[in-house]
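For the sequence shown, position 23 (counting from the first letter as 1) is numbered 22 according to numbering that gives the first Met the number 0, and the numbering increases by one without interruption. The beta-carbon is built from N, C-alpha and C at its ideal position, and this holds for glycine as well. Notes follow the structure.
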Amino acid sequence: MLNLKPIAFVVGSVVCAVGFLLFLPLITEIIYKTESWQSYVVPILLYVIIGGSLVITNRNVEFNLTIRDAFVMTILSWLLMSILCAVPFIYTQSDLSIIDAIFESMSGITTTGATTLNSLDELPKGILIWRALLQWLGGIGIVVIALFVLPFLKVGGMQLFHLEGDDPYEKFLPKISSVVKKIIFIYTALTFFLFFLYSINGMSLFDALAHSFTTISTGGFSTHNESFGYFQSNSILLVAIIFMILGSFPFLVLAQINLKNINTIFKDQQVKVFLLILFLSIVIIYFLAEKYLFGSIFDKVLVISFNTISIISGTGYISENFEDWGNYASVLFLLLMFIGGCAGSTTGGLKIFRFQILFKYLNLHLKKMLQPHAVSVSHFNGKKIPDTTYDSVMSFFFLYIFTFALSALFLSFTGLDFITCISAAASAISNVGPGLGELIGPEGNYNVLNGYSKFILILTMFLGRLEMLTILIIFFPAFWRD
0 MLNLKPIAFV VGSVVCAVGF LLFLPLITEI IYKTESWQSY VVPILLYVII
50 GGSLVITNRN VEFNLTIRDA FVMTILSWLL MSILCAVPFI YTQSDLSIID
100 AIFESMSGIT TTGATTLNSL DELPKGILIW RALLQWLGGI GIVVIALFVL
150 PFLKVGGMQL FHLEGDDPYE KFLPKISSVV KKIIFIYTAL TFFLFFLYSI
200 NGMSLFDALA HSFTTISTGG FSTHNESFGY FQSNSILLVA IIFMILGSFP
250 FLVLAQINLK NINTIFKDQQ VKVFLLILFL SIVIIYFLAE KYLFGSIFDK
300 VLVISFNTIS IISGTGYISE NFEDWGNYAS VLFLLLMFIG GCAGSTTGGL
350 KIFRFQILFK YLNLHLKKML QPHAVSVSHF NGKKIPDTTY DSVMSFFFLY
400 IFTFALSALF LSFTGLDFIT CISAAASAIS NVGPGLGELI GPEGNYNVLN
450 GYSKFILILT MFLGRLEMLT ILIIFFPAFW RD
């Protein structure tokens with residue numbers, strides 16, 4: 000049986016939190032003197048009353064959670080958040096259909112950045128700040144899940160990131176609380192610092208706030224149709240590059256940094272490989288795309304670096320139409336979509352550490368072929384890698400590629416071209432945002448897709464963000480047996 004009381008408490012907290020968060024777009028609309036503020040009043044009252052009631056009636060519950068409870072709680076929280084947060088998109092001047100509103104909300108919460116909204120520059124400020132806030136919340140939400148839920152659930156090799164003394168789970172709760180508070184503090188502090196840097200480099204206060212939300216979360220929602228191309232500023236691109244990289248780093252490692260051990264971040268195996276892949280990608284794309292760009296060498300390197308880190312981190316900002324850089328660059332960007340950043344970051348994709356684990360497994364396998372009786376052990380960040388981790392990572396890889404292929408196949412049933420199907424599925428499962436092709440490329444929009452295609456992409460974004468196994472396991476009959 001499910002332990003319903005703690006689940007009800009968490010669900011109530013989510014509903015109540017959405018209600019309070021809606022005050023930000025409400026206040027924004029009041030400041031800019033529009034009538035759209037009225038659209039937020041009813042959802043605020045409804046969410047606060049219903050959510051508050053669930054919290055109050057279950058406030059004294061003990062959190063003795065089972066694995067089953069943790070799975071259900073995680074899925075329900077994200078699914079409910081996506082549905083509740085879709086309501087403002089329906090009842091404000093954005094006038095989206097229900098499927099479009101849920102698509103926009105899911106894209107925000109999962110920090111994907113795919114959008115169905117047109118004419119962003121003309122939309123009410125409240126709805127623009129709301130979608131940016133969704134990505135900021137989704138960013139910190141996935142960091143918490145990646146570091147403190149997925150390792151406990153042993154999803155996709157994430158057990159490598161267990162903290163010391165986190166078994167049994169009940170004894171780990173005080174440690175979770177302490178580390179989560181520190182990570183939230185760092186995440187918030189970086190957001191405020193980014194807001195300050197954007198402001199002094201030419202962004203309006205509104206743009207700076209919205210883009211600080213969507214940069215550190217590697218979300219990618221912008222307040223302008225041209226995304227970062229609107230600002231025409233190298234200094235703004237440089238600031239965004241730095242913070243997209245920071246958002247791609249593991250926040251658990253960022254939380255351990257202080258003035259005495261500032262080099263700690265560069266000792267992490269994930270970070271070193273991530274930076275190496277990023278550097279090599281920028282160099283390769285420079286030689287492939289340099290002739291298609293204008294300006295000085297610095298300008299060209301900056302534009303290529305910005306768009307490359309935007310794709311590999313899953314942020315999805317654009318400053319140039321990279322499809323004009325030749326087919327080679329587009330294919331490389333498609334591959335980078337799958338890679339992602341580090342585990343415990345706000346990025347999507349397969350994550351760097353899984354590629355490292357697979358290469359270590361391949362190395363071990365080749366050694367055993369040459370020396371069948373030899374005993375070989377691999378380590379990751381100083382920890383021995385158990386065989387169960389290899390199994391978990393390989394299972395995840397298979398499921399990831401299978402889900403991607405299935406999503407692309409289902410999209411093809413609507414008559415979409417090959418590039419659109421492949422890039423849309425890749426972008427959705429890796430939570431990137433823009434795809435390739437005329438329809439959903441850097442200058443396109445997902446609004447052109449029909450309702451069926453959007454529904455497939457909503458599911459794909461959801462599966463990709465919660466790493467598939469977290470969701471699919473609830474469909475196994477054994478999951479529900481005592």
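Express the C-alpha separation of residue j and residue i in angstroms, rounding to a whole number.
{"i": "LEU530", "j": "ILE473", "result": "Because the chain is modelled from 0 through 481, residue 530 falls outside the range shown and cannot be assessed."}
{"i": "GLY432", "j": "ALA16", "result": "26 Å"}
{"i": "TYR168", "j": "PHE147", "result": "Residue confidence for TYR168 is low, a pLDDT of 35 falling below 50, so the modelled location carries little weight and cannot support an answer."}
{"i": "GLY443", "j": "ASP323", "result": "14 Å"}
{"i": "LYS153", "j": "GLN231", "result": "45 Å"}
{"i": "ILE338", "j": "ARG353", "result": "9 Å"}
{"i": "PHE273", "j": "SER304", "result": "14 Å"}
{"i": "LEU334", "j": "SER280", "result": "10 Å"}
{"i": "SER234", "j": "THR73", "result": "39 Å"}
{"i": "SER329", "j": "GLY313", "result": "15 Å"}
{"i": "VAL40", "j": "ILE470", "result": "33 Å"}
{"i": "ILE244", "j": "TYR316", "result": "13 Å"}
{"i": "VAL300", "j": "GLY325", "result": "16 Å"}
{"i": "MET368", "j": "GLY155", "result": "26 Å"}
{"i": "LYS170", "j": "SER411", "result": "Interpretation of LYS170 is limited by its pLDDT of 41, a score under 50 that renders its predicted location unreliable; the figure taken from the coordinates is listed afterwards. Using only the alpha carbons, I get a separation of about 49 Å."}
{"i": "PHE379", "j": "THR91", "result": "49 Å"}
{"i": "GLY440", "j": "SER309", "result": "14 Å"}
{"i": "ALA427", "j": "SER221", "result": "18 Å"}
{"i": "ALA113", "j": "ILE400", "result": "20 Å"}
{"i": "ASN306", "j": "PHE297", "result": "14 Å"}
{"i": "ASP165", "j": "SER38", "result": "The predicted position of ASP165 is uncertain, since its pLDDT is 43 and thus under 50; a value taken from the coordinates is nonetheless stated next. Near 44 Å, if we compare the C-alpha coordinates of SER38 and ASP165."}
{"i": "SER96", "j": "SER452", "result": "14 Å"}
Under the three-state reduction of DSSP, which class applies to residue i: helix, strand or coil?
{"i": "LYS32", "result": "coil"}
{"i": "PHE248", "result": "coil"}
{"i": "HIS372", "result": "coil"}
{"i": "LYS290", "result": "helix"}
{"i": "GLU163", "result": "Only weak support exists for where GLU163 lies, its pLDDT of 47 falling under 50; the value from the coordinates is given anyway. Reduced to three states, the DSSP call for GLU163 is coil."}
{"i": "PHE379", "result": "strand"}
{"i": "GLY155", "result": "coil"}
{"i": "TYR399", "result": "helix"}
{"i": "PRO24", "result": "helix"}
{"i": "GLU319", "result": "coil"}
{"i": "LYS259", "result": "coil"}
{"i": "PHE134", "result": "Checking the sequence, you will find Gln at residue 134 rather than Phe. GLN134 falls in the helix class under three-state DSSP."}
Please name the residue, chosen from the options, that lies closest to residue i on a Cα-to-Cα basis.
{"i": "LEU44", "options": "ILE418, PHE397 and LEU20", "result": "LEU20"}
{"i": "ASN529", "options": "CYS420, GLU442 and LEU462", "result": "An answer regarding residue 529 cannot be provided, because it is not within the stretch 0 to 481 covered by the chain."}
{"i": "ALA100", "options": "ASN446, GLY325, ILE264 and LEU236", "result": "ASN446"}
{"i": "THR387", "options": "ILE199, SER304, LEU25 and MET157", "result": "MET157"}
{"i": "PHE227", "options": "ILE244, ILE264 and ALA207", "result": "ALA207"}
{"i": "LEU438", "options": "ARG67, LEU415 and ARG58", "result": "LEU415"}
{"i": "ARG67", "options": "TYR90, PRO87, TRP77 and ASN2", "result": "ASN2"}
{"i": "ALA425", "options": "TYR186, VAL86, ARG464 and VAL143", "result": "ARG464"}
{"i": "GLY201", "options": "LEU237, LEU349, ALA188 and ILE428", "result": "LEU237"}
{"i": "PHE194", "options": "VAL302, ILE240 and ALA209", "result": "ALA209"}
{"i": "PRO42", "options": "GLY18, GLU61 and MET467", "result": "GLY18"}
inquiry  = Taking 8 Å as the cut-off, does the stretch 102–112 touch the stretch 76–85 (at least 3 CB pairs, one atom from each stretch)?
reply    = yes
inquiry  = For the structure I just gave you, are there three or more beta carbon pairs, one from the stretch 20–30 and one from the stretch 120–140, closer than 8 Å?
reply    = yes
key: Three-pair Cβ contact test at 8 Å for the stretch 206–226 versus the stretch 134–153   = Taking a cut-off of 8 Å on C-beta distances, the stretch 206–226 touches the stretch 134–153, as three or more cross pairs fall below it.
query = Do the stretch 0–16 and the stretch 111–123 make contact, defined as three or more Cβ pairs closer than 8 Å?
reply = The stretch 0–16 vs the stretch 111–123: no contact.
query = Should the stretch 449–459 be regarded as contacting the stretch 390–410, the criterion being three or more beta carbon pairs within less than 8 Å?
reply = yes
inquiry  = Any contact between the stretch 239–254 and the stretch 338–348? By contact I mean 3 or more CB pairs, one from each, below 8 Å.
reply    = yes
message = Give the list of continuous alpha helix (DSSP H) stretches no shorter than 4 residues that lie fully inside the stretch 57–125.
response = Counting whole runs of 4 or more residues, the stretch 57–125 contains the alpha helix (DSSP H) stretches 66–83, 86–90 and 97–108.
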